[in-house]
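S.K.:
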Amino acid sequence: MTKRSDLLELTPEALMALSNAGFVKRAQKEVAEGKLPELTERDDGCIDAKFGDGNQVTFPPGKTLRDATCSCPASSMCRHRVTLVLAYQALHATGLPPEADDAQPQESAPAWSPARFSEQLGDVPLSVISRAKKLIQGSVVVQLSKGSGAQATPSARLPMCDVRFFSRNSLAHARCDCIQETICEHIVMAVWGFEQAEISQPDFEQLTLQIRLPDGERAQANALFDQPEAVLLQTSLDKLLLKLWSDGSSQPETAIKPLMAEVSRHAQQLQWRWVSESLADIQQGMADQHNRSSRYHPVEFLQRISGLSARLVAARCMDQQAQQQALPRLPAAEILGLGVKGEIQLEHLKLVSLGARYWADEQQEGVALIYTDPDSQALMVIERQWPKNSDPQGVATPIGSRRIAGHPVKKLASCQVITNAAKRRANGALDIASGKQYISVLPLSSRAWELLGEPLRQPDAAALKRHLQQALPDFVRPRQPIEQLHILPVSEVLDWCWDPALQCLQIDILSGEDRDDNLVTVSLNYDSAAPQATEVLARAMLTPATPPRLISGRVKIESGKLFIEPLAVASDTQIFSLCADEAEPFPMERQADLQQRSGMQQALGDTETLLAQWLQQGIRHQGGRGIERVEMLSEALNGFGLVQLSALLNELPERIRSNNHSELVQRLMTIYQTLRLVKDRQSH
Numbered sequence: 000m001t002k003r004s005d006l007l008e009l010t011p012e013a014l015m016a017l018s019n020a021g022f023v024k025r026a027q028k029e030v031a032e033g034k035l036p037e038l039t040e041r042d043d044g045c046i047d048a049k050f051g052d053g054n055q056v057t058f059p060p061g062k063t064l065r066d067a068t069c070s071c072p073a074s075s076m077c078r079h080r081v082t083l084v085l086a087y088q089a090l091h092a093t094g095l096p097p098e099a100d101d102a103q104p105q106e107s108a109p110a111w112s113p114a115r116f117s118e119q120l121g122d123v124p125l126s127v128i129s130r131a132k133k134l135i136q137g138s139v140v141v142q143l144s145k146g147s148g149a150q151a152t153p154s155a156r157l158p159m160c161d162v163r164f165f166s167r168n169s170l171a172h173a174r175c176d177c178i179q180e181t182i183c184e185h186i187v188m189a190v191w192g193f194e195q196a197e198i199s200q201p202d203f204e205q206l207t208l209q210i211r212l213p214d215g216e217r218a219q220a221n222a223l224f225d226q227p228e229a230v231l232l233q234t235s236l237d238k239l240l241l242k243l244w245s246d247g248s249s250q251p252e253t254a255i256k257p258l259m260a261e262v263s264r265h266a267q268q269l270q271w272r273w274v275s276e277s278l279a280d281i282q283q284g285m286a287d288q289h290n291r292s293s294r295y296h297p298v299e300f301l302q303r304i305s306g307l308s309a310r311l312v313a314a315r316c317m318d319q320q321a322q323q324q325a326l327p328r329l330p331a332a333e334i335l336g337l338g339v340k341g342e343i344q345l346e347h348l349k350l351v352s353l354g355a356r357y358w359a360d361e362q363q364e365g366v367a368l369i370y371t372d373p374d375s376q377a378l379m380v381i382e383r384q385w386p387k388n389s390d391p392q393g394v395a396t397p398i399g400s401r402r403i404a405g406h407p408v409k410k411l412a413s414c415q416v417i418t419n420a421a422k423r424r425a426n427g428a429l430d431i432a433s434g435k436q437y438i439s440v441l442p443l444s445s446r447a448w449e450l451l452g453e454p455l456r457q458p459d460a461a462a463l464k465r466h467l468q469q470a471l472p473d474f475v476r477p478r479q480p481i482e483q484l485h486i487l488p489v490s491e492v493l494d495w496c497w498d499p500a501l502q503c504l505q506i507d508i509l510s511g512e513d514r515d516d517n518l519v520t521v522s523l524n525y526d527s528a529a530p531q532a533t534e535v536l537a538r539a540m541l542t543p544a545t546p547p548r549l550i551s552g553r554v555k556i557e558s559g560k561l562f563i564e565p566l567a568v569a570s571d572t573q574i575f576s577l578c579a580d581e582a583e584p585f586p587m588e589r590q591a592d593l594q595q596r597s598g599m600q601q602a603l604g605d606t607e608t609l610l611a612q613w614l615q616q617g618i619r620h621q622g623g624r625g626i627e628r629v630e631m632l633s634e635a636l637n638g639f640g641l642v643q644l645s646a647l648l649n650e651l652p653e654r655i656r657s658n659n660h661s662e663l664v665q666r667l668m669t670i671y672q673t674l675r676l677v678k679d680r681q682s683h
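Okay, so the sequence shown: first residue is 0 according to numbering that gives the first Met the number 0, each after it adds one.
#1: Assuming residue 165 and residue 9 form a contact by the criterion Cβ under 8 Å, report the distance between their Cβ atoms to the nearest whole angstrom.
#2: Does the Cβ-Cβ distance between residue 486 and residue 443 come in under 8 Å?
#3: Please name the residue in 527, 519 and 509 whose C-alpha comes closest to that of residue 502.
#4: So which of 63, 461, 550 and 562 has the shortest CA-CA distance to residue 505?
#5: Excluding the 5 residues preceding and the 5 following residue 297 in the sequence, name in chain order all residues of the same chain whose CB lies nearer than 6 Å to its CB.
#6: In chain order, what residues of the same chain lie with their CB nearer than 8 Å to the CB of residue 402, ignoring the 5 residues before and after it?
#7: Restricting to Cα atoms, I'd like to know which of 565, 375 and 467 is closest to residue 161.
#8: Where residue 16 and residue 174 are concerned, what is the direct C-alpha to C-alpha distance, given to the nearest angstrom?
#9: Spell out a yes or no on whether the stretch 330-341 and the stretch 357-376 are touching, meaning 3 or more CB-CB pairs, one atom from each, closer than 8 Å.
#10: With a floor of 4 residues, list each alpha helix (DSSP H) that falls wholly inside the stretch 505-560, ordered by position along the chain.
#11: Out of curiosity, what's the CA-to-CA distance linking residue 674 and residue 644?
#12: On the CB-based measure, 16 or more other CB atoms within 10 Å of its CB, does residue 468 come out buried or exposed?
#13: Since residue 576 contacts residue 354 with CB under 8 Å, what's their CB separation in whole angstroms?
#14: So residue 343 packs on residue 445, CB below 8 Å; how close in whole Å?
#15: Enumerate in chain order the residues of its own chain whose CB-to-CB distance from residue 14 is below 6 Å, with the five nearest sequence positions on each side excluded.
#16: Can the beta-carbon of residue 3 be found less than 8 Å from the beta-carbon of residue 87?
#17: Rounded to the nearest angstrom, what separates residue 647 and residue 656 at their Cα positions?
#18: What does a CB cutoff of less than 7 Å around residue 99 pick up in its chain, not counting 5 residues either side in sequence?
#19: To the nearest whole angstrom, what separates the beta carbons of residue 565 and residue 536, a pair I think is in contact under 8 Å?
#20: Would a C-beta distance cut-off of 8 Å place residue 484 and residue 552 closer than the cut-off?
#21: For residue 663, collect the residues of the same chain with a Cβ closer than 6 Å to its Cβ; drop the 5 residues on either side in sequence, then sort them by chain order.
#22: Check whether the Cβ atoms of residue 141 and residue 210 lie closer than 8 Å to each other.
#23: Give a yes or no on whether the C-beta atoms belonging to residue 277 and residue 315 are separated by under 8 Å.
#24: For residue 406, which residues from the same chain have a beta carbon less than 6 Å from its beta carbon, with the 5 sequence-adjacent residues on both sides left out?
#25: Under the three-state reduction of DSSP, which class applies to residue 279: helix, strand or coil?
#26: Is residue 460 near residue 516, with beta carbons less than 8 Å apart?
#27: Which residue's Cα is closest to the Cα of residue 530: 637, 669, 191 and 399?
#28: Taking the runs of the alpha helix (DSSP H) that are 4 residues or longer, which of them lie wholly in the stretch 203-257?
#29: Pull up the distance between the alpha-carbon of residue 429 and that of residue 421, whole angstroms please.
#30: Within the same chain, show all residues whose beta-carbon is closer than 6 Å to that of residue 281, passing over the 5 residues directly before and after it, in chain order.
#31: Using a beta-carbon distance below 8 Å, is residue 509 in contact with chain C?
#32: Out of 620, 541, 630 and 636, state which residue places its alpha-carbon closest to the alpha-carbon of residue 249.
#33: Between the alpha carbons of residue 652 and residue 630, how many angstroms are there, rounded?
#34: Would you say residue 510 and residue 412 are within 8 Å of each other, going by their C-beta atoms?
#35: Of the choices 263, 286 and 225, whose alpha-carbon is the least far from that of residue 251?
#36: Going by C-alpha to C-alpha distance, which of 380, 670 and 84 sits closest to residue 7?
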């Protein structure tokens, strides 16, 4: 009789992903109390279980939990199937011969690859194989990871789905987060991807590649940028960027809309999803500027404009390498988002809140609720906006009292969400159906973030720095709902101050044991859309009775120092959502001037501010003072040893005086990307 090693290797985390946490916890409790079913193992590997409540489960080999049959009234998944697995593991907890104990790999066990499932694909229906081949013909890119450690879970991140392999013996226990409950085309593509990766780079741990058809034929042989539509896109984009830089983003939207629509049309025809998403972000940024929205920031808008141009330059470079039969570091299709679907229906989904961001302008207000799926650790955002209104007495409706899917925003900003009716768009935006039958909202435990791991939750600031320094630039990564969001532990609060001029609260913390490598600055500016956020942050971080343990937020390295713009703070008692929670006024008696910077930092910051100002106002409207300012900054940067950046700036006055600004636009983009690189790598 052959033991079911596929069941023995399913960890509680794997069972939670294949069923849900509630079933697993109840099954664990029953097994711990000795309430085991009566198990019978047949010669063919099928397992029968009889429970004390009269229900029976039959679990054939080569099948997953959902394929097992149970006599209980549950329509699909149930606790009996999960209990069968845990009871079987308890029965075989000892006495396994070494050669059969694949389910319990030792710490020294090497990582394994799902390429081993190639033969098992022969049992997959031909209709599923056909759908997988059709998708691959659209140039699908996959990010593969073998994981690490004894309980490694290999995974494949496809453009719209995440696939994980929980068993090294049975493909049936692979899980995709799409709506399909059985083996789907995404799992098939993931296996093909691992098979291709093992041939090209057998010792890889993480690899990004463009999946080929299983017979080895390339899905698309033609150069992406040689397509007529791609030439038209680049031409129309050049016109759009020239118009923006020449006349400024503050010009009437009617002057930009036709050009924006033309570029968007070409991007949609090419199915370059990340280019389309970048254009939509730029359009939203212009609308925010004109409506005086709290979301708008000139430097962030400059990043969007420059990032789109840099994305196309990087993709063209990688495409040229591929045409020369070289293996590019990233496929051009990955950089462009070629063939990424607009949205996908998700199966049972659990979300853990990481915080929220409120915003408001002259006419509207809105919220971005930020969540992560604990299984895949993918970030997702629910966004909503409403016209500003007030009751007959003139009292405005608070954003926290608005409702999404039948629940108040304030509640959704710090909770766990479980839903069976969610759609995820390509950029990570999430739509969920309203109604009690579709969504459950549960309180957020103070320990909820401890289920999360790397890269989202980092062990200390030094590890996060290494992660950020090794990460690819944001303009080549798939579009994210919110960039560079991470969770850090708070070992100690060192000092704090309040700048009344900048309306900024800054708190210095230690995140890790070594003070030299683990210093972090928490920085939050006052925002009228969330007026109590700074008070909540102060109370959460500076109350001795309930010291902070973890903090979530957007992170960046500047001048060699790690900064975090916080969204939420976790203590031993609760998780504070800064925008949504309320707090008593905090005495901001420690006041300081946070604008004091070194000469080099000041010169780099002034250069960035100048470029953002030009983009907003337009080069045409810059007089002699603007050119003088460039010359002064160029001289200052040269004095600090930044010779290349200084030389690039030095060329600007002559290009500005000429009537042809086409080359000037590309030079401005190059200057800004170089400046960002210097700021990221500059030491104190």
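Just so you know, even glycine gets a beta-carbon here, dropped at the ideal spot from N, CA and C.
M.R.: Short version:
#1: So it is a contact: roughly 6 Å between Cβ atoms.
#2: No, the Cβ-Cβ distance between residue 486 and residue 443 is not below 8 Å.
#3: The residue with the shortest Cα to Cα distance from residue 502 is 527.
#4: Across the set 63, 461, 550 and 562, the C-alpha of 562 shows the shortest separation from the C-alpha of residue 505.
#5: Result list for residue 297: 611 and 615, in chain order.
#6: These residues qualify, in order along the chain: 408.
#7: The shortest C-alpha separation from residue 161 is found at 375.
#8: If you take the alpha carbons of residue 16 and residue 174, they lie about 8 Å apart.
#9: Cβ pair count under 8 Å is below three, so no.
#10: Correct list: 532-541.
#11: Each residue's CA atom was taken as its position, placing residue 674 and residue 644 some 7 Å apart.
#12: So residue 468 counts as exposed.
#13: Yes, residue 576 and residue 354 are in contact; Cβ-Cβ is about 5 Å, under 8 Å.
#14: Separation of the CB atoms of residue 343 and residue 445 is rounded to 33 Å, and the pair is thereby denied contact status at 8 Å.
#15: Result list for residue 14: 23 and 81, in chain order.
#16: In this structure, residue 87 lies closer than 8 Å to residue 3 by Cβ.
#17: A direct Cα-Cα distance of roughly 16 Å separates residue 647 from residue 656.
#18: Because the pLDDT of residue 99 is 38, which lies under 50, any placement of that residue in the model is unreliable, and the question is left without a value.
#19: That belief holds up - the Cβ atoms of residue 565 and residue 536 are roughly 6 Å apart, short of 8 Å.
#20: Contact: yes.
#21: Here the set comprises 654.
#22: Contact: yes.
#23: The answer is no: Cβ separation not under 8 Å.
#24: Closer than 6 Å at the Cβ level, and outside the excluded window around residue 406, lie 440.
#25: In the three-state DSSP reduction, residue 279 falls in the helix class (H, G or I).
#26: Yes, Cβ-Cβ distance for residue 460 and residue 516 is below 8 Å.
#27: When each option's Cα is compared against that of residue 530, the closest is 399.
#28: Qualifying alpha helix (DSSP H) stretches, in chain order: 227-246.
#29: One C-alpha to the other measures close to 7 Å.
#30: Correct list, in chain order: 303.
#31: Absence of chain C from the displayed structure is noted, only one protein chain being present.
#32: Here the closest residue by C-alpha is 620.
#33: Computed Cα separation, rounded: 8 Å.
#34: Between residue 510 and residue 412, the C-beta spacing is not below 8 Å.
#35: The option with the nearest alpha carbon to residue 251 is 286.
#36: Out of 380, 670 and 84, 84 has the C-alpha closest to the C-alpha of residue 7.
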